[in-house]
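With my numbering applied, the sequence shown corresponds to residues 448 to 819, in that order. Glycine included, C-beta positions come from ideal geometry on N, C-alpha and C. Nothing here was measured: the structure is a model prediction, and the numbers come from that model.
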Amino acid sequence: MSDRQSRVPAGPTVKREKSYYENWIDQEGIPIVGGLIVPDLRGDLPMKHWDRKGVAGTFLGLRGGEQSLDAYILEIPPTRNTEPEKYMFEEEYVVLSGRGATTIWLEGGKKQTFEWQEGSVFSPPMNAWRQHFNGSPDQPVRLLVVTNAPVMFNLFRSDEFIFNCDHAFNDRFSGEEDYFSGKGEALPNLVWRSNFIPDVSNFTLKDYAWRGGGSNSKAVMFEMANNTMQSHCAEFPVGTYKKAHRHGPGAHILILSGKGFSLMWKDDGPKEKIDWGPGSLFAPPDMWFHQHFNSGAEPSRYFAVHYGAWRVVVDYFGMADTSTRVGGDQIDYADEDEDIMEIFRSELAKNNATIRPVEEWRFDSLPPDETN
Ligand SMILES: [Fe+2]
């Protein structure tokens with residue numbers, strides 16, 4: 448270090464105060480789970496009655512949410528329902544278990560109701576009224592809800608505005624009676640634009656080989672309710688792993704099927720390993736590389752909610768599909784650390800699983816054609 452560098456004083460070390468959103472979720476009086484991963488959203492969680500919703504809930508507060516997106520869980524007892532609500536942030540719902548219905552309406556407008564089941568995905572339009580009902584006489588409903596509430600709370604810093612704004616976003620939803628019918632429109636870049644997915648676990652996916660895994664590596668992007676948030680469902684084969692990549696915070700990844708693990712690391716730092724299976728939820732932190740490995744006996748399918756709706760051109764993923772060789776944020780197989788394959792083989796052996804012949808899936812391809 449030169450004399451000049453040694454005289455540069457250290458920067459300030461001011462500890463950040465809690466954000467408006469963090470204070471708000473503290474005040475809601477329900478638990479906050481936290482951590483890098485929740486192993487199984489369908490299992491035991493520290494649920495508590497949430498007065499605002501009228502049912503039990505917990506915030507998930509995953510480390511990788513980072514004041515971008517957050518998530519919470521609701522559990523509706525048999526035959527019961529949530530309180531009617533409207534608010535100024537976007538949400539995507541995944542039905543983790545049970546069956547029921549949601550009623551949506553605009554102030555003074557006609558109510559419309561659609562039914563859902565395990566695996567359904569939907570998004571009440573921002574600031575529209577919504578109320579959720581458990582349709583079973585004896586089974587509870589568990590819902591995963593991913594929101595951009597941190598951004599909206601921290602931007603406006605007003606509960607009154609978030610929960611009592613009268614504005615109707617008619618360009619998002621104006622009471623169309625078939626809004627939640629499940630009809631959809633296929634768009635470029637693997638986008639399926641729809642406001643209701645009956646069962647994401649069985650949705651037909653399209654070729655998505657540029658993230659690795661070879662043929663049978665598939666995905667579809669979902670745009671719902673004219674949101675700025677987007678989601679996608681992806682599946683990759685047994686005995687393969689995907690390429691490491693990185694992007695901004697907030698992408699919440701729910702494992703729908705399959706068993707495996709992910710490595711996550713920042714720059715040249717140590718690799719964190721998280722093991723996952725059906726019901727796991729995790730969110731890679733801001734610009735941490737993350738790499739997903741299928742070390743189980745069946746294809747692995749996941750559903751992820753994040754920013755980046757193609758409709759409004761939010762470029763959330765940036766260079767995440769482009770090789771680091773040309774300045775991007777995806778590591779080609781040929782460039783990965785040597786220990787990656789060793790870790791994968793070790794995990795496969797634990798599960799008595801075998802690697803797919805590497806000539807079938809370890810391709811280093813050019814960035815995807817933006818127009819297809
Ligand atoms: Fe990612």
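Which of helix, strand or coil DSSP assigns to V480: coil
Thinking C-alpha only, which one of R792, M494, T801, F603 is nearest P478? M494
Using beta-carbon positions only, say whether T529 and V502 come within less than 7 Å of one another. yes
V667 and W712 - do their beta-carbons sit closer together than 7 Å? Contact flag unset, no.
Return the residue from the list A615, E532, E522, L602 that minimises the CA-CA distance to R589. E522
Whose CA, out of F736, P804, F708, lies closest to the CA of L728? F708
Would you mind working out which of T769, N617, Q564, L483 sits nearest F580, comparing C-alpha positions? Nearest to F580 by alpha-carbon distance, out of T769, N617, Q564, L483, is Q564.
Contact between the segment 641-654 and the segment 754-771 (3+ Cβ pairs under 8 Å): no
Should the segment 679-689 be regarded as contacting the segment 790-810, the criterion being three or more beta carbon pairs within less than 8 Å? yes
Measure the C-alpha to C-alpha separation of H737 and H614 and round it to an integer number of angstroms. 39 Å
Specify, as a first and last residue, the run of the alpha helix (DSSP H) that L602 falls within. Going by DSSP, L602 is part of the alpha helix (DSSP H) stretching over 596-603.
For the alpha helix (DSSP H) that M573 lies in, which residues bound it at each end? Taken as a continuous stretch (DSSP letters only), M573 belongs to no alpha helix (DSSP H), as it is neither H nor E.
What is the rounded straight-line gap between the Cα of D816 and the Cα of G775? With a pLDDT of 46 at D816, under the threshold of 50, the modelled position of this residue cannot be trusted, and the question is left open.
How big is the Cα-Cα spacing for P444 and D733? The structure shown does not extend to residue 444, since the chain spans only 448 to 819, so no value can be given for it.
May I have the straight-line CA-CA distance separating R792 from N741, to the nearest angstrom? Going from the Cα of R792 to the Cα of N741 covers about 11 Å.
Indicate whether P717 and G511 have their beta-carbon atoms separated by less than 7 Å. no
Which residues end up in the neighbourhood of ligand 1 when you take C-beta atoms closer than 7 Å to any of its heavy atoms? H692, H694, A698, P731, H737, A767
DSSP state of I609 mapped onto helix, strand, coil: helix
Less than 7 Å separating the beta-carbons of I609 and M676? no
To the nearest angstrom, report how far apart G659 and I778 are at their CA atoms. 10 Å
Between the Cα of R463 and those of T651, D786, V593, E513, spot the shortest distance and give me the residue it belongs to. When each option's Cα is compared against that of R463, the closest is E513.
Would you kindly work out how many angstroms separate the C-alpha atoms of T818 and W735, rounded to a whole number? In this predicted model, T818 has a pLDDT of only 37, less than 50, meaning its place in the structure is not dependable; the value taken from the coordinates is given anyway. Spanning the two alpha carbons is a distance of roughly 28 Å.
To the nearest angstrom, how far is it from the Cα of D654 to the Cα of W757? Straight across, the Cα-Cα distance linking D654 with W757 is about 18 Å.
Would you list the residues sitting across from W497 in a DSSP beta bridge? V502
What is the DSSP secondary structure of Q514, reduced to helix, strand or coil? coil
In the DSSP assignment, what residue or residues form a beta bridge with I520? T505, L591.
When DSSP builds the beta bridges, which residues end up paired with N728? A small fix is needed here, since residue 728 is Leu in this sequence, not Asn. DSSP output for L728 lists V485, L701 as bridge partner(s).
Measuring straight from C-alpha to C-alpha, what distance separates S770 and G545? Cα to Cα, the separation comes out at about 42 Å.
Exposed or buried, T560, counting other C-beta atoms within 10 Å across all chains shown (16 or more means buried)? exposed
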